[in-house]
Ligand code: SF4
């Protein structure tokens, strides 16, 4: 690791981090920025690596960040003032998307056609399958590099800049590093998040071209009969590449269709590419899932703090409120509420994603709150809380400073468990034709589309989405288990009544 | 108290302790735990016995193998643990290590009963105290129904629980710590055992309650002529209750002696260290000494003195030769496993005495 | 506080919960952005019919009167009638037709996991770290991660074509049954009828119980592992209690305690999950009825059904507390919940 020759050189022990590099005593009370100025070596090396990583994806990062808010909707809220700004930002986002990045489609292009003399249009004349696989490999390598760089940055901080040699959190981290089941979960979850983040470039084609606007886009292909390169609307091409179980009507996983398009997961019954659909669906699921968790988690944590601090009547009130919400079966409640809200403006944000997120959030908090209530109560009985009270600390500060940090870990466990549940729930609703509006991809809709063909050669349509859900939910559960064992190796929480956090309302 | 019991007995020479007077005899007991990486010799070839009506102490720091010894006697060792087939535990003339599980069930409780360290967790929280005592009564005394309830109440009274008729229907969580331990003792008595193993019965309790429980145990012993194996890490408690003491360290018995000579003239450096760490034997003003370091995990057969790393007297051979129990001084009952003994020999001779025979030693 | 006082307190706590839940339902249906009358009549309705519906539902009255009547009707169990799904039929009659199917499904989807998941979990816990344990544990983890609706789709497809796929016809096996159809619940006391109804519901019950099965297995395993190492189990052995009795008396009941909320929690999920499973298997139960009522805008029916669901979940809650109180004497002690 390059420049850190002066401090702790050569003594990097990966297993045991209590072994600290010597820090000059004078650094003790300085703020972090000062500590970095004193010893800029490691931080500079790290920053340089990060800069390279950012540069490699600069365009995508800018456009990615800026395209998250629904600009059309935001602009519509306050016409006049906000609208032009929103429009400008939206343009910046589009421009950013055009900047070349190492993962962009144009760098490794997998669209092309096969002429008698070989592949045309693809990068270096590779076959589309190879080109696509290469791009996927680049994306995942890039992402996992980030993960490693992040970990490396943390270890640098721990060795060179952090004031205490050791904090209890180090033990948690070390325990997690040795928890192979948890690491397995982390890997799956990370791979899923990458799939969601890079959805637009992961698919062999794009949602816009292949799924949402197939009659506005054309593709070139080589016509064997005429010996010419011809072009065709994607929509028409899709019509010829349907997977409907019988005869020639099937494009299975890892197959090419007659227009030389490669389909890693095969095609949907309407001829669209299943992989592109799934990658984009992952993005929707994750976004809705995280938003709903943010909402549910916010409620749960605030209530946990309040009930643990004040107990008594406050606790009773939240118990009743939580039980009342839970008395209405979650999935049924969401079906009802999304029907009631279906004609309002809020239902249009993110094609119904926001409503779903809110509904999963307000129906999900009681379970989360129950899960963190115990630990919150426990910490509220500790001496240091009484001490804080006794010298007149304000309740809000006591809760934030002395109680919250202790409970956050437990929250993470259940957040991980329940995210899997929410993903199942969203898929279940879209299976019924509710929730996320078509044609925006959502996994449940693929299961539904493939339902008639499960026992035919087009089995992939329903099966692949289901298997992916199983893998991802298992991943989230494993991650939750790992975090739990890391935070609290003795405990048996997570067993018992809280299991149902992860159940997605029974979907 | 029990000390008199021994005085009434036959003189203390080896021949007189025929097996009829022995309540329990442990010979060369080895209990091994097989883990993924290594074998832990939790109990590594110990021998001792308990005479009728006598209290024998087993003392040592935590991790020395005391509790495994108790569980081995009761046949409660489960996979991955295993008792070496060459070991013998003789109870009523039988080598019970050869017993099947169902044969073992017939002597557990009846023959040998046990009182555990933490009274709260040794009582099943979902059954009343009475229910659990009556379970023992029905198993061992064939008492059922009202007869059993009455007997249970009597037993609770016997162990000094007030208002026993009401308490018999209460659940463990409704008892205080000391009362719970009394209830556990009542449960053990309900089995009418001959040998009672007490595994740190007072450690989880307050000091004042400790004293009461010890008095209770001593009274019961006097009344019922029980033989007790008393396990503790507390030298002070041992001094009060035991007739003879075995000091255990890392799976081995390093010193055994009747209680007076042991406290008056401890021989093994470890025993001396333990005694120095009792507050009451300190002259005032002195800092309380503790033995530095921890009990090592005995993960291979002994090839040296396991105490050597912590021993103030250790010398070179200590890390080469495993000492064997050797009589020290005149008292035939006083043994220590240390290369410094027998005292009558020079160090070289003594080392040669301890060296295994095939190494050219005399034994 | 005694155990039964605690139980009574829990039951009393259910009163505000029913009240609050019903109020939320009212708020959503009457104060929310939909007009119940417009929803009932659909896009084609004429103004006259519209006015008539508004009038008969009392929608023109002040909100607080609407609320009072809504609550009064539901709490006195006057559930009204359906306006769209089966026009004019009383809700009680509808529940009489649709309810038994859901109950039948629910009954088996709770029972099957208990009789399959629990023994497997206990077995795994009694024999930890054996191959059987690993298979059971891993199977449980994967099994409970499967989305119900997806599993249902797979079951339906595989079973309807079992003849072609495996040369074994599920439909003709033992008694002839359809796969995607409501179970015939008439004459359950006759063995063949009973068998037929059971067989018809079996795949759906397995699916709906899948998560429970995984959970019960996992928790059963940990619970047994924990109680197995508990000191009172060692004590029981030390006082000579025979091995079999140790397992049944001293381990089983203690291991059940953490399982109570799991089992009752499953019953909860079942209410929600029934929508999807009933739809895929075309069981026409309460979940399916609720779904149909919602997408067809049958607001009065939706409200009444939601009220019934609230009563059901509260009932399950009370059952859970009852079981707790019976099994665990520590309940209510220390104010423990
Ligand atoms: S043998 Fe050596 S090390 Fe062991 S106790 Fe004796 S003197 Fe100490």
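Protein chains in written order, with my numbering: chain C, 1 to 507; chain V, 1 to 363; chain X, 1 to 337. All C-beta atoms, glycine included, are put in the ideal place defined by N, C-alpha and C.
Exclusion of residue 274(V) from the 7 Å shell around the ligand SF4 follows from its C-beta lying no nearer than that to any non-hydrogen atom of the ligand. Boundaries of the beta strand (DSSP E) harbouring residue 47(V): 39 to 51, taken from the DSSP string. In its own chain, leaving out the 5 sequence neighbours on each side, no residue places its CB closer than 6 Å to the CB of residue 129(X).
A residue is called buried once 16 or more other Cβ atoms fall within 10 Å of its Cβ, and residue 28(V), having fewer, is exposed.
As the crow flies, the alpha-carbon of residue 18(X) is around 13 Å from that of residue 316(X). Taking a contact as a CB-CB distance under 8 Å, the pair residue 41(V) and residue 30(V) counts as one, their CB atoms being some 7 Å apart. Annotation for residue 191(V) indicates a beta carbon at 7 Å or more from all heavy atoms of the ligand SF4. When CB distances to chain X are screened at a threshold of 7 Å, the residues of the stretch 464 to 492 of chain C falling below it are 466, 469, 470, 473, 474, 477, 492, in chain order. Annotation: residue 278(C) to residue 146(X) spans about 17 Å, alpha carbon to alpha carbon. Listed along chain X, the residues sitting closer than 7 Å to residue 126(V) by beta-carbon distance are 253, 254, 327, 328, 329. Distances taken from the Cβ of residue 267(V) to the heavy atoms of the ligand SF4 include none shorter than 7 Å.
Two segments are said to touch when three or more pairs of C-beta atoms, one from each, lie closer than 8 Å; by this definition the stretch 165 to 184 of chain C does not touch the stretch 193 to 211 of chain C. Across the set 91(V), 69(V), 75(V), the C-alpha of 91(V) shows the shortest separation from the C-alpha of residue 21(V). Here the alpha carbons of residue 370(C) and residue 411(C) stand approximately 10 Å from one another.
DSSP lists 252(V) as the beta-bridge partner residues of residue 249(V). Within the stretch 241 to 271 of chain X, the residues whose Cβ lies closer than 7 Å to some Cβ of chain V are 241, 242, 243, 250, 253, 254, listed in chain order.
In this structure, the alpha-carbon of residue 388(C) lies about 11 Å from that of residue 380(C).
Between residue 208(X) and residue 162(X), the beta carbon gap of about 20 Å keeps them out of contact (Cβ cut-off 8 Å). Under the three-state reduction of DSSP output, residue 277(V) falls in the coil class, being neither helix nor strand. Taking a beta-carbon distance threshold of 8 Å, residue 104(X) does not count as an interface residue toward chain C. Per DSSP, residue 123(X) is one residue of the alpha helix (DSSP H) stretching across 91 to 126. Between the alpha carbons of residue 23(X) and residue 334(C) lies a gap of roughly 16 Å. The beta-carbon of residue 94(V) is placed no less than 8 Å from the nearest beta-carbon of chain X. The beta carbon of residue 373(C) sits closer than 6 Å to the beta carbons of 304 from its chain, once the five residues preceding and following it are set aside; these are given in chain order. Within 7 Å of the C-beta of residue 198(V) there is not a single heavy atom belonging to the ligand SF4. Among the CB atoms of chain V, one or more fall inside 8 Å of the CB of residue 232(X). Judged by the Cβ position, residue 67(V) fails to qualify as a neighbour of the ligand SF4 at the 7 Å threshold, every heavy atom of the ligand being at least this far. Closer than 8 Å at the C-beta level to chain X, one finds these residues of the stretch 403 to 425 of chain C: 420, 424. The shortest C-alpha to C-alpha distance from residue 326(V) to any of 201(V), 253(V), 304(V), 35(V) is the one to 253(V). The stretch 109 to 145 of chain V is shown to contain whole beta strand (DSSP E) runs of 3 or more residues at 112 to 115, in chain order.
With a threshold of 7 Å, the Cβ atom of residue 314(V) counts as near the ligand SF4, since some heavy atom of the ligand is closer than that. Contact annotation for residue 111(X) against chain C: no contact, minimum CB-CB distance about 17 Å [criterion: below 8 Å]. Its Cα nearest to that of residue 91(X), the residue 77(X) stands out among 102(X), 77(X), 103(X). The Cβ atoms of residue 476(C) and residue 417(C) lie closer than 8 Å to each other.
Using a Cβ-Cβ cut-off of 9 Å, residue 108(V) is close to 237, 238, 239, 240, 241 of chain X, given in chain order. Residue 451(C) belongs to the set of residues whose beta carbon lies under 8 Å from a beta carbon in chain X.
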